[in-house]
Amino acid sequence: MSDDAIRFLTRLGQALNTYGTPAHRLEDALRACADALGLEAQVFSTPTSLHAAFGTPPNQRPVLLRIEPGDANLEKLVDLDRVFNDVCLKRLDVAAGLEVIDAILARRPRYGQVWQVGMLSLASACAATLLGGAVEVVLLVLVNSLVVGLLLLISRANRHLSRVVEFAAGAFAGSVAQIEASIFGFDHATTFLVTLATVIVILPGLTVTVAATELATRNLVSGTARLMGAGMILMSVVFGVAIGLRLGSVLEVTPGEVTEAPTWMWILALLLAPVSFGVLFQARPRDLALISVTCIAGFGGARLGAVLFDFAELGVGLGAFVVGAAANVYARWRDRPAVVLSVPGIMLLVPGAVGFRGITALLEQDAVGGVQTIFSMLVVAASLVGGLLIANATVPPRKAL
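Residue numbers (the numbering used here): 1494 to 1894.
Below is the structure:
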């Protein structure tokens, strides 16, 4: 049993887990690589750990790694996929492959902190536009979300702040939205929209979708853990928002008029949102055009599905199918990971905003409305997962990643 092969596999698994690879893809990839290297491997992953045992019982060599979840980095996932291919096809030996993985992990992200904060702000402004926000709302969200981005940036260097950053972002969003409502005369719905769009990028809609996919593929421990983690993030944000809105409620609001956003702003937001997602997920510049096409096609598919099924939540499934099929075609065509297109592609479809509305309604003692909205979130998540799984069955990916 080769020590280098075991080190390579565990290092590869650690890297894939760090950058958010779902459990079913990660475990399948490591097993396939182990088979290519002539090893028998049992692999089990969760969002914060990797367990592996190499060899046959009772002579197995167990490995346990505690993993700190990182931010998605699509460019590094592409590079890791290339190493995976080269080692499996014997174009690279495991010792050299291990060195390449270490070099990939040590490399600085393509887009630095300024880019990340700027694109987070742009994504929030695009979300405000697509959710029907007026011109004033979009401009305010653009500024508010810059502060949220700076909070996230500071929290990366402070372990204690990182544990409450979602609460802090929610409290800021709620209080500043209430202050802006008193200045500009926003009604309750517009104030809520400002709050939602300010924090929408940190809502765990993508995490909920990944968790539901893991549960659907029978990775029960990883899916449950990820779903509970998403629930805690959502609760932290909503609780912070509730505190912020309460603090700002002492201000008087005189209702005023807001200017309706022109159509060209809506179209511009639809074009810019995919680019912001691509930068936030550290995609390669050459992939941004395909990411944009996939995002827009998925969004259009969801709108078409809503008309066909006469049920917006189920329409999301058609959008997810379009995204999943496009991602798998790309993966087969270019021999690259499907997540390059699928992860940013479903960002316009994920149910984070719906869950936020549901929890907020419960906090406002609207039990019926809250439960209905949370149920809608679950239907959206199930519809998304169903669309992606049908896409995988219709256009199966060539390999695990």
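Here a beta-carbon is modelled for each residue, glycine too, at the ideal position from N, C-alpha and C.
Integer-rounded CB distance, given that residue j should sit under 8 Å from residue i
i: Val-1628; j: Ala-1618; result: Incorrect: roughly 11 Å between the Cβ atoms, too far for contact.
i: Glu-1673; j: Gly-1733; result: Actually they are not in contact, since the Cβ atoms of Glu-1673 and Gly-1733 sit about 17 Å apart, beyond 8 Å.
i: Glu-1568; j: Arg-1603; result: 6 Å
i: Leu-1570; j: Val-1772; result: That belief does not hold up - the Cβ atoms of Leu-1570 and Val-1772 are roughly 15 Å apart, past 8 Å.
i: Gly-1794; j: Leu-1811; result: 5 Å
i: Ile-1839; j: Gly-1791; result: 6 Å
i: Val-1580; j: Phe-1501; result: 7 Å
i: Ala-1723; j: Ala-1704; result: 6 Å
i: Leu-1686; j: Ala-1621; result: 7 Å
i: Ala-1813; j: Gly-1880; result: 3 Å
i: Asn-1821; j: Pro-1767; result: Wrong, their Cβ atoms sit about 18 Å apart, outside the cutoff.
i: Ala-1534; j: Arg-1518; result: Going by Cβ atoms, the distance from Ala-1534 to Arg-1518 rounds to 15 Å, so no, they are not a contact pair.
i: Ile-1560; j: Leu-1573; result: 15 Å between Cβ atoms; not a contact.
Where the beta strand (DSSP E) containing residue i begins and where it ends
i: Arg-1554; result: 1554 to 1559
i: Thr-1539; result: 1534 to 1539
Through-space distance from residue j to residue i, alpha-carbon basis
i: Glu-1707; j: Leu-1894; result: 14 Å
i: Gly-1642; j: Ala-1662; result: 9 Å
i: Leu-1738; j: Ala-1650; result: 28 Å
i: Ser-1638; j: Arg-1554; result: 48 Å
i: Leu-1558; j: Ala-1546; result: 12 Å
i: Leu-1469; j: Leu-1842; result: There is no way to answer for residue 1469, as the model of the chain reaches only from 1494 to 1894.
i: Gly-1819; j: Pro-1755; result: Residue 1819 is actually Ala in this sequence, not Gly. Rounded to whole angstroms, Ala-1819 to Pro-1755 spans 31 Å at the Cα level.
i: Phe-1868; j: Gly-1590; result: 46 Å
i: Ala-1886; j: Gly-1667; result: 43 Å
i: Ala-1508; j: Asp-1803; result: 43 Å
i: Val-1872; j: Gly-1817; result: 18 Å
i: Ile-1676; j: Ala-1670; result: 10 Å
i: Asp-1487; j: Tyr-1512; result: Limits of the chain in this structure are 1494 at one end and 1894 at the other, which puts residue 1487 out of reach.
i: Leu-1457; j: Ala-1596; result: With the chain covering only 1494 through 1894, there is no way to say anything about residue 1457.
i: Leu-1505; j: Leu-1740; result: 47 Å
i: Lys-1892; j: Ile-1726; result: 32 Å
i: Asp-1586; j: Ala-1565; result: 27 Å
i: Met-1721; j: Val-1888; result: 31 Å
i: Leu-1645; j: Gly-1548; result: 43 Å
i: Gly-1563; j: Leu-1807; result: 31 Å
i: Trp-1759; j: Ser-1648; result: 32 Å
i: Arg-1779; j: Val-1786; result: 13 Å
i: Ala-1529; j: Glu-1520; result: 14 Å
i: Leu-1615; j: Val-1692; result: 12 Å
i: Val-1610; j: Pro-1550; result: 50 Å
i: Met-1870; j: Leu-1877; result: 10 Å
i: Trp-1608; j: Leu-1532; result: 42 Å
i: Asn-1510; j: Ala-1690; result: 29 Å
i: Ile-1499; j: Thr-1717; result: 28 Å
i: Ser-1769; j: Asn-1552; result: 49 Å
i: Gly-1698; j: Met-1612; result: 18 Å
i: Ala-1516; j: Val-1634; result: 35 Å
i: Phe-1665; j: Val-1576; result: 43 Å
i: Gln-1606; j: Ala-1875; result: 34 Å
i: Val-1636; j: Thr-1688; result: 12 Å
i: Asp-1828; j: Cys-1788; result: 20 Å
i: Val-1657; j: Val-1701; result: 20 Å
i: Ser-1542; j: Leu-1764; result: 37 Å
Endpoints, the alpha helix (DSSP H) within which residue i is located
i: Ala-1545; result: Looking at the DSSP string, Ala-1545 is not in any alpha helix (DSSP H); the run it does join, the beta strand (DSSP E), is 1542 to 1547.
i: Lys-1569; result: 1567 to 1581
i: Leu-1894; result: That residue, Leu-1894, is in no alpha helix (DSSP H); it is neither H nor E in DSSP.
i: Pro-1837; result: 1832 to 1838
i: Ala-1627; result: Looking at the DSSP string, Ala-1627 is not in any alpha helix (DSSP H), and its letter there is neither H nor E.
i: Gly-1506; result: 1496 to 1511
i: Leu-1842; result: No alpha helix (DSSP H) holds Leu-1842; DSSP gives it neither H nor E.
i: Arg-1524; result: 1516 to 1529
i: Leu-1585; result: Leu-1585 -> no alpha helix (DSSP H), and no H or E assigned at all.
Min CB distance residue i to chain B below 8 Å
i: Pro-1515; result: Absent here is chain B; the protein component of the structure consists of one chain.
Fully enclosed by the segment 1731 to 1804, which alpha helix (DSSP H) runs are 4 residues long or longer?
1756 to 1773 and 1781 to 1802
To test your reading of the DSSP string, which unbroken alpha helix (DSSP H) runs of 4 or more residues are found completely within the segment 1649 to 1724?
1652 to 1655, 1658 to 1677, 1681 to 1692 and 1698 to 1709
I want to know whether the segment 1676 to 1683 touches the segment 1711 to 1726 - three or more CB-CB distances under 8 Å.
no
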